[in-house]
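Undergrad: Here you go, one structure.
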Amino acid sequence: MQNPKHVVITGASSGLGRALARRYAAAGLRMGLIARRAALLQELAAELKVRGADVWTAALDVRDAESMKKRLEEEDARAPIELLIANAGISAGTFGAGESAEQTRMILATNFDGALNAVLPVIPLMTARGRGQIALVSSIAGFRGFPGAPAYCASKAAQRIWGEGLRGELGPKGVEVNVICPGYVDTPMTQGNPFPMPFIMSAGRAAAITEKGLRKNRARIAYPWPMGAAAWLLAALPPAWTDPLLKRAPKKPAMKRA
Ligand SMILES: NC(=O)c1ccc[n+]([C@@H]2O[C@H](COP(=O)([O-])OP(=O)(O)OC[C@H]3O[C@@H](n4cnc5c(N)ncnc54)[C@H](OP(=O)(O)O)[C@@H]3O)[C@@H](O)[C@H]2O)c1
Numbered sequence: 070m071q072n073p074k075h076v077v078i079t080g081a082s083s084g085l086g087r088a089l090a091r092r093y094a095a096a097g098l099r100m101g102l103i104a105r106r107a108a109l110l111q112e113l114a115a116e117l118k119v120r121g122a123d124v125w126t127a128a129l130d131v132r133d134a135e136s137m138k139k140r141l142e143e144e145d146a147r148a149p150i151e152l153l154i155a156n157a158g159i160s161a162g163t164f165g166a167g168e169s170a171e172q173t174r175m176i177l178a179t180n181f182d183g184a185l186n187a188v189l190p191v192i193p194l195m196t197a198r199g200r201g202q203i204a205l206v207s208s209i210a211g212f213r214g215f216p217g218a219p220a221y222c223a224s225k226a227a228q229r230i231w232g233e234g235l236r237g238e239l240g241p242k243g244v245e246v247n248v249i250c251p252g253y254v255d256t257p258m259t260q261g262n263p264f265p266m267p268f269i270m271s272a273g274r275a276a277a278i279t280e281k282g283l284r285k286n287r288a289r290i291a292y293p294w295p296m297g298a299a300a301w302l303l304a305a306l307p308p309a310w311t312d313p314l315l316k317r318a319p320k321k322p323a324m325k326r327a
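Structure follows, in structure tokens:
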């Protein structure tokens with residue numbers, strides 16, 4: 070969408086979400102920032118207000134469906150939400166010890182249910198107006214299950230597939246849906262990784278590529294392209310060929326508790 074007038078971003082207190090907020094902030098733009106850490110949201114809001122944006126913040130947990138719906142509906146009544154970016158997410162590391170049931174559920178609840186809690190309330194509002202855009206921040210990890218992060222990969226695959234389906238369903242109703250699949254981005258999520266991260270890029274650069282892709286209404290915004298191509302190939306090849314390779318891939322360090 071060109072020049073959305075009210076942009077809402079979940080997971081705006083850090084990393085890619087914060088960089089996206091900085092990328093979009095402009096004079097006259099209304100902007101909603103959602104995450105749990107209120108102080109970080111306030112700090113960012115103050116910075117964006119200096120640039121002329123009209124910013125609201127909500128210290129919410131995306132797993133709280135009722136509070137998310139209530140707040141999004143209230144803000145939409147004040148000014149129609151034109152772009153919703155469902156970006157909040159967590160990852161866990163297992164260091165080869167296996168993901169606990171608790172970790173698995175927390176990742177899926179935050180990354181997938183959290184995205185549903187952000188997106189579902191705005192669908193009827195946007196379709197009623199015949200205008201809007203919904204972006205789901207999936208990942209290159211959503212193309213193939215990796216032994217170090219099965220729940221994370223599953224959550225990102227679910228976001229990607231849901232978004233691809235929604236795009237076909239909502240497009241004719243005037244609502245654009247886009248799936249964002251970043252490779253490694255330099256954020257707190259990756260800063261503890263003790264292994265080489267090929268083609269890692271800054272959050273600012275990732276936000277710029279994302280914003281351009283959304284402006285052009287690209288179905289899938291996957292970057293950088295060599296990572297996208299590698300993920301596509303890994304998904305396309307038979308597991309019997311790729312399993313031995315992935316078994317040797319490095320794992321994330323132990324999970325940081327939210
Ligand atoms: N970094 C990468 O290499 C990479 C690659 C591909 C995809 N991604 C995806 O990009 C998105 C952003 O990640 P990031 O790298 O920017 O990580 P990050 O710096 O850790 O940021 C994660 C954001 O999500 C928010 N969040 C987490 N749990 C939440 C909850 N229950 N309720 C509300 N907000 C919550 C955090 O805010 P609070 O803690 O304040 O709640 C924070 O703002 C994620 O969906 C991630 O999976 C990242």
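To convert, note that position 81 of the sequence shown is 150 in my numbering; the numbers rise steadily by one, no gaps.
Cβ coordinates follow ideal geometry from the N, Cα and C atoms, glycine included.
For clarity, every value in this text was computed on a predicted model and none was experimentally measured.
Could you compute how far the alpha carbon of Ala157 sits from the alpha carbon of Leu98?
TA: As a first step, residue 157 is located in the sequence shown; it is residue number 88 there, counting from the start. As a first step, residue 98 is located in the sequence shown; it is residue number 29 there, counting from the start. Straight-line Cα distance between these residues: approximately 21 angstroms.
Undergrad: Would you check if the distance between the CB atom of Ala210 and the CB atom of Ala218 is smaller than 8 angstroms?
TA: In the sequence shown, the residue the question calls residue 210 occupies position 141. In the sequence shown, the residue the question calls residue 218 occupies position 149. Yes. Within cutoff.
Undergrad: First and last residue of the beta strand (DSSP E) that includes Pro251?
TA: Working through the sequence shown from its first residue, we reach residue 251 at position 182. Val244 to Pro251 is the span of the beta strand (DSSP E), which, as asked, contains Pro251.
Undergrad: Assuming Arg132 and Asp182 are in contact, meaning their beta carbons sit under 8 angstroms apart, how far apart are those beta carbons, in whole angstroms?
TA: Within the sequence shown, numbered from 1, the residue matching residue 132 stands at position 63. Within the sequence shown, numbered from 1, the residue matching residue 182 stands at position 113. Contact flag correct, Cβ pair sits at about 6 angstroms.
Undergrad: If you drop the 5 nearest sequence neighbours on each side, which residues of the same chain put their C-beta closer than 7 angstroms to that of Leu315?
TA: Position 246 of the sequence shown, counted from the start, is the residue given in the question as residue 315. These residues qualify, in order along the chain: Phe215 and Pro216.
Undergrad: Could you check the C-alpha separation between Ala104 and Gln228 for me, to the nearest Å?
TA: Within the sequence shown, numbered from 1, the residue matching residue 104 stands at position 35. Within the sequence shown, numbered from 1, the residue matching residue 228 stands at position 159. Ala104 and Gln228: Cα-Cα distance of roughly 19 angstroms.
Undergrad: Going by CA-CA distance only, name the one from Pro265, Arg140, Pro73 and Leu152 that's closest to Pro96.
TA: As a first step, residue 96 is located in the sequence shown; it is residue number 27 there, counting from the start. The sequence as given places Ala at residue 96; Pro does not occur at that position. Of the listed residues, the one whose Cα sits closest to Ala96 is Pro73.
Undergrad: Would you call Ser82 buried or exposed, if buried means 16 or more other Cβ atoms sit within 10 Å of its Cβ?
TA: The residue labelled residue 82 in the question sits at position 13 within the sequence shown. Buried is the call here.
Undergrad: How should Ile336 be labelled, buried or exposed, when 16 other C-beta atoms within 10 angstroms of its C-beta is the threshold for buried?
TA: The structure shown does not extend to residue 336, since the chain spans only 70 to 327, so no value can be given for it.
Undergrad: If distances are taken between C-alpha atoms only, which option among Val77, Lys118 and Glu116 comes closest to Leu152?
TA: By 1-based counting over the sequence shown, the position of residue 152 is 83. It is Val77.
Undergrad: I'd like to know whether the C-beta atoms of Ala291 and Ala88 end up nearer to each other than 8 angstroms.
TA: Numbered from its first residue, the sequence shown carries residue 291 at position 222. Numbered from its first residue, the sequence shown carries residue 88 at position 19. The answer is no: Cβ separation not under 8 angstroms.
Undergrad: Could you tell me the alpha carbon to alpha carbon distance between Lys225 and Gly232, rounded to whole angstroms?
TA: Here residue 225 refers to the residue found at position 156 of the sequence shown. Here residue 232 refers to the residue found at position 163 of the sequence shown. Cα to Cα, the separation comes out at about 10 angstroms.
Undergrad: For Leu283 and Arg198, what's the separation of their Cα atoms in angstroms?
TA: Translated into positions along the sequence shown, residue 283 becomes position 214. Translated into positions along the sequence shown, residue 198 becomes position 129. Roughly 19 angstroms between the two C-alpha positions.
Undergrad: For Val244 and Gln172, I'd like the C-alpha separation in whole angstroms.
TA: Position 175 of the sequence shown, counted from the first residue, corresponds to residue 244. Position 103 of the sequence shown, counted from the first residue, corresponds to residue 172. Rounded to whole angstroms, Val244 to Gln172 spans 34 angstroms at the Cα level.
Undergrad: Can you tell me which of the three DSSP states Gln71 falls into?
TA: Taking the first residue of the sequence shown as 1, we reach residue 71 at position 2. Gln71: coil per DSSP, three-state reduction.
Undergrad: Taking the alpha-carbon positions, what's the Ser160 to Ile278 distance?
TA: Indexing the sequence shown from 1 puts residue 160 at position 91. Indexing the sequence shown from 1 puts residue 278 at position 209. Distance between the alpha carbons of Ser160 and Ile278 is about 22 angstroms.
Undergrad: Does any heavy atom of ligand 1 sit closer than 7 angstroms to the C-beta of Ser160?
TA: For this step, residue 160 is matched to residue 91 along the sequence shown. Within the cutoff, so yes.
Undergrad: Identify whether Ser271 lies in helix, strand or coil by the three-state DSSP scheme.
TA: Counted from its first residue, the sequence shown places residue 271 at position 202. Ser271 falls in the strand class under three-state DSSP.
Undergrad: Note down, one range per segment and in chain order, each beta strand (DSSP E) of at least 3 residues found wholly within the region 169-235.
TA: Counting only runs of 3 or more, we get 201-206.
Undergrad: Give the DSSP-derived three-state secondary structure of Val131 in the structure shown.
TA: To locate residue 131, count along the sequence shown from 1; it is residue 62. In the structure shown, Val131 sits in coil (DSSP, three-state: anything other than H, G, I, E or B).
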